[in-house]
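The structure appears right after this line, and notes come after that.
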Amino acid sequence: MNHREALRKTRLFVRSHLSGEATGHDYWHTVRVVRMAERIARNELADLFVVRLAALLHDIADWKFHKGDISVGPKVAAQWLKKIGIGAEIIGRVCEIIKNISFKGAGVRAGMNTLEGKVVQDADRLDALGAIGIARTFAYGGSKGRPIYDPLVRPKRHKTFAQYKKGAGPTINHFYEKLLLLKGLMNTRTGRIMAQKRHAFLEIYLKRFFREWKV
Ligand code: NI
């Protein structure tokens with residue numbers, strides 16, 4: 001199967017799995033990540049086919065929705081890619097990216113070793129910032145039954161993935177536990193530049209949020 005056809009089929013596969021998903025990890029999140037990843041990949045001269053496949057499949061079975069199991073995503077992706085006739089070498093590269101993509105806590109070092117992985121991770125992180133990032137964060141918090149904000153609960157710095165997974169603080173705390181840290185964790189120069197404006201918007205938003213809270 002040629003690359004174009006493989007990408008078309010994969011897009012349909014992902015759409016059938018993720019459309020209507022209500023926690024911010026829906027099909028359109030994937031579409032935005034693919035577009036962003038393509039932009040970064042072109043600037044950084046990464047392998048576009050691997051980047052596109054990994055971006056398309058990166059949330060196909062996120063650990064957040066599989067009781068914290070990070071092995072489900074790569075497994076589902078590998079099965080699919082094999083089914084459509086993708087070679088083992090490409091499957092290995094794509095699954096390695098999916099395995100390592102998620103943020104696992106402020107104190108946990110994420111190992112993304114390949115340029116393609118760095119590109120896709122930056123694209124996914126950019127969608128966690130800015131106006132869309134804010135919308136997704138509250139959608140996710142709501143789906144987990146978390147309050148918007150509770151001034152009596154302080155944000156935490158999670159040193160291990162296990163701690164981060166169990167975190168159940170109010171959604172505003174998530175800005176301090178993850179979102180505001182992402183700007184400093186971007187892998188590529190292109191990603192870093194793109195993160196700046198989105199990060200600045202988070203700060204404006206938080207300032208305003210607390211100003212209104214105090215009235
Ligand atoms: Ni994602």
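Residue numbers (the UniProt record's numbering): 1 to 215.
Just so it is clear, CB atoms sit at the ideal spot from N, CA and C, and this is done for glycine as well.
Quick one: give me the first and last residue of the alpha helix (DSSP H) that residue i is part of.
{"i": "Met36", "result": "Tyr27 to Glu44"}
{"i": "Phe175", "result": "Unbroken run through Phe175: none, as it is neither H nor E."}
{"i": "Val94", "result": "Ala88 to Asn100"}
So what's residue i in DSSP terms, helix, strand or just coil?
{"i": "Met1", "result": "coil"}
{"i": "Arg154", "result": "coil"}
{"i": "Ala168", "result": "coil"}
{"i": "Ala22", "result": "coil"}
{"i": "Ser71", "result": "coil"}
{"i": "Leu81", "result": "helix"}
{"i": "Ala54", "result": "helix"}
{"i": "Tyr140", "result": "helix"}
{"i": "Met186", "result": "coil"}
{"i": "Val119", "result": "helix"}
{"i": "Met194", "result": "helix"}
{"i": "Val215", "result": "coil"}
{"i": "Gly133", "result": "helix"}
{"i": "residue 224", "result": "With the chain covering only 1 through 215, there is no way to say anything about residue 224."}
{"i": "Lys207", "result": "helix"}
{"i": "Ala200", "result": "helix"}
{"i": "Thr114", "result": "coil"}
{"i": "Lys104", "result": "coil"}
{"i": "Ala6", "result": "helix"}
{"i": "Ala128", "result": "coil"}
Below 8 angstroms, is the gap between the Cβ of residue i and the nearest heavy atom of the ligand NI?
{"i": "Asp124", "result": "yes"}
{"i": "Ile101", "result": "yes"}
{"i": "Val33", "result": "yes"}
{"i": "Asp127", "result": "yes"}
{"i": "Thr30", "result": "yes"}
{"i": "Asp59", "result": "yes"}
{"i": "His174", "result": "no"}
{"i": "Thr17", "result": "The sequence shown places His at residue 17, rather than the Thr named in the question. Checking the Cβ of His17 against the ligand NI gives no."}
{"i": "His25", "result": "yes"}
Cβ of residue i less than 9 angstroms from any chain C Cβ?
{"i": "Phe13", "result": "In the structure shown, chain C does not exist; there is a single protein chain."}
Pop quiz: residue i and residue j are said to be a contact at Cβ under 8 angstroms. What is the actual Cβ separation, rounded to whole angstroms?
{"i": "Ile60", "j": "His3", "result": "About 19 angstroms separates the two Cβ atoms, so there is no contact after all."}
{"i": "Leu56", "j": "Thr10", "result": "5 angstroms"}
{"i": "Asp127", "j": "Met186", "result": "That pair is no contact at about 13 angstroms."}
{"i": "Gly20", "j": "Tyr140", "result": "Actually they do not touch by this definition, with Cβ atoms about 15 angstroms apart."}
Would you check if there are 3 or more beta carbon pairs closer than 8 angstroms linking the segment 119-129 to the segment 31-48? yes
Per the contact definition of three or more C-beta pairs closer than 8 angstroms, is the segment 167-183 in contact with the segment 197-207? yes
With three or more C-beta pairs closer than 8 angstroms as the rule, is the segment 130-142 touching the segment 90-103? Fewer than three Cβ pairs drawn from the segment 90-103 and the segment 130-142 lie within less than 8 angstroms of each other, which leaves the two stretches out of contact.
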